[in-house]
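First residue of the sequence shown: 2, per my numbering; consecutive thereafter. Glycine residues also receive a C-beta, built at the ideal position from the N, C-alpha and C atoms.
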Amino acid sequence: MIRIGLGYDLHRLVEGRRLMLGGVQIPHDKGEDAHSDGDVLLHAITDALLGAAALGDIGELFPPSDMRWKNADSAALLGTAYERVLREGWKIVNLDCVIAIEKPKLLPYRTSIRESISSILHIPLDAVFIKAKTGEQLGPIGEQQAVEVWANCLLER
Ligand code: MG
């Protein structure tokens, strides 16, 4: 059996925060405003996995109101979520993600980000792909106020 999952997340970009994408810190003058480390890509992937396995969503598993998740390491949250998915007998076939961000250009970091996700989940590098799109200077993405991610995953068991 196979199952598809879709995850989405958006964070405000503010000065004085680190820009975290897929567990990699990207050099930039703004980062995600968040209760956790704000890793918008890992959050979207977490939701894609949980959704595909019908196991709830990130907000349910790790409520922002719970102090345990303050400045939480999103890689650890994703790992915990994937353990639940694995426990139900599912495993990842592949992940494919789109990051909408005006700046910086992410192509130079693509391989590091893919490697990081592949190592968090213990899945092959070619099972993880990401690409970046700008907002064409339009709206909150284009005006560098936010970063947005869509993540698709395929599970099989
Ligand atoms: Mg988030």
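(request) With a threshold of 7 Å, establish whether the CB of ALA35 neighbours any heavy atom of the ligand MG. (result) Under cutoff, so the answer is yes.
(request) Run the CB neighbour count on MET2, radius 10 Å, all protein chains shown included, and call it buried at 16 or more, exposed below. (result) exposed
(request) Note down the Cα distance separating ALA101 from ALA53, rounded to an integer number of angstroms. (result) 22 Å
(message) So within the segment 24-67, which uninterrupted alpha helix (DSSP H) runs reach at least 4 residues, ignoring any that extend past its ends?
(response) Those alpha helix (DSSP H) runs which fall completely within the segment 24-67 and span 4+ residues are 41-53, 59-62.
(request) Indicate, with yes or no, if the ligand MG has a heavy atom lying under 7 Å from the CB of VAL129. (result) no
(request) Output yes or no for whether 8 Å exceeds the beta carbon distance between ALA1 and LEU96. (result) This structure does not reach residue 1, given that the chain is present from 2 up to 158, and the question cannot be answered.
(request) Can you grab the Cα-Cα spacing for the pair ARG4 / LEU155, in whole Å? (result) 6 Å
(request) Inspect the beta-carbon positions of HIS12 and ALA152 and report whether they are closer than 8 Å. (result) no
(message) Taking contact to mean 3 or more Cβ pairs, one atom from each stretch, closer than 8 Å, check whether the segment 103-111 and the segment 74-82 are in contact.
(response) no
(request) My understanding is that PHE63 touches ALA49, with C-beta atoms under 8 Å, so please give their C-beta distance in whole angstroms. (result) Actually they are not in contact, since the Cβ atoms of PHE63 and ALA49 sit about 15 Å apart, beyond 8 Å.
(message) So, at 6 Å on beta carbons, what are the nonlocal neighbours of THR135 in its own chain, with the 5 sequence-adjacent residues on each side left out?
(response) GLU103
(message) Rounding to the nearest angstrom, what Cα-Cα distance links MET21 and ARG158 in this structure?
(response) Roughly 31 Å between the two C-alpha positions.
(message) Here's the rule: buried if 16 or more other CB atoms are within 10 angstroms of the residue's CB, otherwise exposed. What is ALA35?
(response) buried
(message) Using the three-state DSSP reduction, which class does GLY80 fall into: helix, strand or coil?
(response) helix
(message) In this structure, how does DSSP classify ARG18 when only helix, strand and coil are distinguished?
(response) coil
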